[in-house]
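Chains as they are written, first to last, in our numbering: chain B, 1 to 192; chain W, 1001 to 1192; chain F, 2001 to 2192; chain H, 3001 to 3192.
Note that CB positions come from ideal geometry on N, CA and C, so glycine has one too.
Heads up: the structure comes next, in structure tokens.
Number of protein chains: 4
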Amino acid sequence: MTSPASSGRRSRRSHEATLAAAFELATEVGYAQVTIEGIAARAGVGKQTIYRWWPSKGTVVLEAVNEKVGSGIDFRSTGDVIADLTGQMSAVVGLLNTEMGDIFTGLIAEAQSDPVLTEAILDTIVRPRTRECADLLKEGQRLGQIRDDVDLDAAVELLYAPLYYRLLLRIAPLSTDHVADVLALAFRGLRP
Amino acid sequence: MTSPASSGRRSRRSHEATLAAAFELATEVGYAQVTIEGIAARAGVGKQTIYRWWPSKGTVVLEAVNEKVGSGIDFRSTGDVIADLTGQMSAVVGLLNTEMGDIFTGLIAEAQSDPVLTEAILDTIVRPRTRECADLLKEGQRLGQIRDDVDLDAAVELLYAPLYYRLLLRIAPLSTDHVADVLALAFRGLRP
Amino acid sequence: MTSPASSGRRSRRSHEATLAAAFELATEVGYAQVTIEGIAARAGVGKQTIYRWWPSKGTVVLEAVNEKVGSGIDFRSTGDVIADLTGQMSAVVGLLNTEMGDIFTGLIAEAQSDPVLTEAILDTIVRPRTRECADLLKEGQRLGQIRDDVDLDAAVELLYAPLYYRLLLRIAPLSTDHVADVLALAFRGLRP
Amino acid sequence: MTSPASSGRRSRRSHEATLAAAFELATEVGYAQVTIEGIAARAGVGKQTIYRWWPSKGTVVLEAVNEKVGSGIDFRSTGDVIADLTGQMSAVVGLLNTEMGDIFTGLIAEAQSDPVLTEAILDTIVRPRTRECADLLKEGQRLGQIRDDVDLDAAVELLYAPLYYRLLLRIAPLSTDHVADVLALAFRGLRP
DNA sequence: TAGTAAACGAGACGGTACGTCACGTCTTACC
DNA sequence: GGTAAGACGTGACGTACCGTCTCGTTTACTA
Chain B
1 MTSPASSGRR
11 SRRSHEATLA
21 AAFELATEVG
31 YAQVTIEGIA
41 ARAGVGKQTI
51 YRWWPSKGTV
61 VLEAVNEKVG
71 SGIDFRSTGD
81 VIADLTGQMS
91 AVVGLLNTEM
101 GDIFTGLIAE
111 AQSDPVLTEA
121 ILDTIVRPRT
131 RECADLLKEG
141 QRLGQIRDDV
151 DLDAAVELLY
161 APLYYRLLLR
171 IAPLSTDHVA
181 DVLALAFRGL
191 RP
Chain W
1001 MTSPASSGRR
1011 SRRSHEATLA
1021 AAFELATEVG
1031 YAQVTIEGIA
1041 ARAGVGKQTI
1051 YRWWPSKGTV
1061 VLEAVNEKVG
1071 SGIDFRSTGD
1081 VIADLTGQMS
1091 AVVGLLNTEM
1101 GDIFTGLIAE
1111 AQSDPVLTEA
1121 ILDTIVRPRT
1131 RECADLLKEG
1141 QRLGQIRDDV
1151 DLDAAVELLY
1161 APLYYRLLLR
1171 IAPLSTDHVA
1181 DVLALAFRGL
1191 RP
Chain F
2001 MTSPASSGRR
2011 SRRSHEATLA
2021 AAFELATEVG
2031 YAQVTIEGIA
2041 ARAGVGKQTI
2051 YRWWPSKGTV
2061 VLEAVNEKVG
2071 SGIDFRSTGD
2081 VIADLTGQMS
2091 AVVGLLNTEM
2101 GDIFTGLIAE
2111 AQSDPVLTEA
2121 ILDTIVRPRT
2131 RECADLLKEG
2141 QRLGQIRDDV
2151 DLDAAVELLY
2161 APLYYRLLLR
2171 IAPLSTDHVA
2181 DVLALAFRGL
2191 RP
Chain H
3001 MTSPASSGRR
3011 SRRSHEATLA
3021 AAFELATEVG
3031 YAQVTIEGIA
3041 ARAGVGKQTI
3051 YRWWPSKGTV
3061 VLEAVNEKVG
3071 SGIDFRSTGD
3081 VIADLTGQMS
3091 AVVGLLNTEM
3101 GDIFTGLIAE
3111 AQSDPVLTEA
3121 ILDTIVRPRT
3131 RECADLLKEG
3141 QRLGQIRDDV
3151 DLDAAVELLY
3161 APLYYRLLLR
3171 IAPLSTDHVA
3181 DVLALAFRGL
3191 RP
């Protein structure tokens, strides 16, 4: 992600106003209805200024989202892996059940036809958290709560994928109960 | 999905030409670049004729896709649940690794801001196959290959979600090996 | 004008309903907003039926108008030419100041790009009344109220043109006073 | 009429290209067949750019016409009113007998259902020339060639209306002879 | 009195143009 | 010299009607 404040000359206000406007609009009218023109108008900023620092509306909104979310859904390690996972995943679910859910699905949708945005999402969201989660699972292996021969990246996918699946395909609403069910099933396995 | 030929009066040629054009364009230029105008022009059909029978480009393409795929990825029951699952899921992966993959992700992307399309996807793809898969798992329970207390719908999600997750987030390419890994992990579980 | 009732087979009701619908719509929404589809729908008649008997919406409305107007604006001869002219022209002005005025200007407007309609208007309205008026003027010559060497067709134009001029260019509203002014000026001439 | 070059920011090329295209198309295919899309395509200009500066095709063509005609049909005062009128009216007739005639009738036709265009035509064509003509007639009164008690606006209508009448109702072609006849009749009057 | 052909209502069809929206680029005037 | 403002060419949108073309379904004349 470009960092306007540092690289360019005069910017600060425009930069912040743009991100704020993008986030507000996304929550007010829904991600799909947000336009660059709308952001510029709301922010009191020229369109060109936005295009100077971001390549697409998706990357603007992504930066705004990342700024808002901050460290609200970090992992915590207490020695009980399942409890730690339940906590973090429940926090994620809580977040996705706010207006943030629509913004998230909107970003992923847009990323399907925008490789730059795809990469940005992976870089700023997916990979960092995957790494954190994998670290937690590794700690779980050390503590004997997870099999030693499990591929940790695959395990992370097994745990998180069901959340995205329900979210993107609208199978059913996400909930804390669902998180518990997924964890229980993933840890125990299907086999008798 | 509306069935033009039956409900209104005449159609056949227009109906088929529209679906064919939609599918061809989607594979040629990519789902996101397909437009109703493009479909109409390619099919030699008036735009209004398309709007008469489908509410959006998404539903047109979905119908075209469903027609093409047909029974190519049905389930088969041989008495070995893991083998049956491996077979069907590998077929799905094979399909998603063709141009069909892009069309699929395009449809799901569009569905994020189009409830009608969401419902159509669930109705024609997700729910039917979920049911088939659940039936297979139930057979697995009868044969003692799956625990009796497993919630089958949750199990289906656990198996398929990782595929969609990789596909939509571009974590990594799908492959037969990946299918095997997911199945092994899901059956065995993370617990030591 | 085609005469549906006689030539074709079964028709009467459709014929009348079409004319009635055309006239009603023209007065309700304005001539320019009338469409063949609208007439057909209002009349409970198929579009094809309209196209079978009339070549354009203009000719339909023209026939409807002619039927309505009937003999309401005929000439009368009393021996006082100026009085007779005043009477007839005032009747015309009265008619043009109703919704009929808009229909009339609409027809003339459409006729600018439709030679068939032009001819129909000339045939059913302009030429018959021009002839009647010329006859009246000839009677005026016989009575010594009009110069013998005046070209009667030119005289008719001199009298009626100012009405159409005001009507079509919206110079000013038509009125009985205006009729009197025009007649006075035309009879007296500009010369001292 | 809006003046693009001045009010908004940039324009010149688009403005001129639009007017040129509008005029060319009107003369080539006929006023009624001109479309905004056609003008935009011919001018190499976006449709929106046209809609930004003009409310309808009529006003575009009107501006193009006014620009072309310029001062070609102004009045001249030589001391002989009838000669001056004959000269100007013949010039008008000459103009209306070119492709300009069709454009003119097209504009007036369109104005029947477009008050904005009506006003524009009155403002840029009818009222200015009516005033010029009235001034000439007033000079005629001063010179004793026209009665003192004649209402000049009514007189202008009496002279010009027959031209429009013939033009719009296609009674007969316009000609210099016709102009002479109208003037002779209008000056002499119908009375013996 | 039944059979049949036309005219009929309904409305789908391929088109054309509409007027609007947002895109991403470009230009101008201001601070 | 970076900005806001917004004009520009472009291209797609979804809508309205056009005039033509099937569809069954009535009639009303013939045989």
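Coarse secondary structure for residue i, derived from DSSP in three states
i, result
"residue 3041/H", "helix"
"residue 3123/H", "helix"
"residue 3078/H", "coil"
"residue 3116/H", "helix"
"residue 29/B", "helix"
"residue 2054/F", "coil"
"residue 1149/W", "coil"
"residue 3140/H", "helix"
"residue 2128/F", "helix"
"residue 1134/W", "helix"
"residue 3018/H", "helix"
"residue 3217/H", "As shown, chain H starts at 3001 and ends at 3192. That puts residue 3217/H outside it, with no answer to give."
"residue 2012/F", "helix"
"residue 1049/W", "helix"
Through-space distance from residue j to residue i, alpha-carbon basis
i, j, result
"residue 80/B", "residue 132/B", "16 Å"
"residue 208/B", "residue 54/B", "No statement about residue 208/B is possible, as the shown extent of chain B runs from 1 to 192 and does not include it."
"residue 90/B", "residue 185/B", "16 Å"
"residue 2162/F", "residue 2018/F", "34 Å"
"residue 3104/H", "residue 2047/F", "33 Å"
"residue 145/B", "residue 1191/W", "6 Å"
"residue 152/B", "residue 74/B", "18 Å"
"residue 3175/H", "residue 3182/H", "11 Å"
"residue 2002/F", "residue 2037/F", "With a pLDDT of 39 at residue 2002/F, under the threshold of 50, the modelled position of that residue is not reliable, and the figure given next carries that caveat. Looking at the two C-alpha atoms, the distance is approximately 20 Å."
"residue 1101/W", "residue 1065/W", "11 Å"
"residue 1020/W", "residue 111/B", "27 Å"
"residue 2076/F", "residue 2137/F", "12 Å"
"residue 3141/H", "residue 2177/F", "24 Å"
"residue 7/B", "residue 15/B", "Because residue 7/B sits at a pLDDT of 46, beneath the cut-off of 50, its placement in the model cannot be relied upon, and the point is left open."
"residue 2062/F", "residue 2025/F", "13 Å"
"residue 2058/F", "residue 45/B", "53 Å"
"residue 2078/F", "residue 2130/F", "18 Å"
Any chain W beta carbon closer than 8 Å to residue i
i, result
"residue 192/B", "yes"
"residue 48/B", "no"
"residue 126/B", "yes"
"residue 162/B", "yes"
Range of the contiguous alpha helix (DSSP H) that encloses residue i
i, result
"residue 2162/F", "2152-2169"
"residue 3066/H", "3057-3069"
"residue 91/B", "81-96"
"residue 2179/F", "2176-2188"
"residue 1111/W", "1099-1111"
8 Å Cβ cutoff, residue i in contact with chain B
i, result
"residue 1151/W", "yes"
"residue 1176/W", "no"
"residue 1181/W", "yes"
"residue 1142/W", "no"
"residue 1088/W", "no"
Chain F within 8 Å of residue i, Cβ atoms only
i, result
"residue 3106/H", "yes"
"residue 3103/H", "no"
"residue 3169/H", "yes"
"residue 3158/H", "yes"
"residue 3185/H", "yes"
Min CB distance residue i to chain H below 8 Å
i, result
"residue 2165/F", "yes"
"residue 2036/F", "no"
"residue 2173/F", "no"
"residue 2073/F", "no"
Report yes or no: do three or more beta-carbon pairs, one from the region 85-99 of chain B and one from the region 148-157 of chain B, lie closer than 8 Å? no
Counting pairs of beta carbons, one from the region 2108-2122 of chain F and one from the region 3166-3179 of chain H, are three or more of them closer than 8 Å? yes
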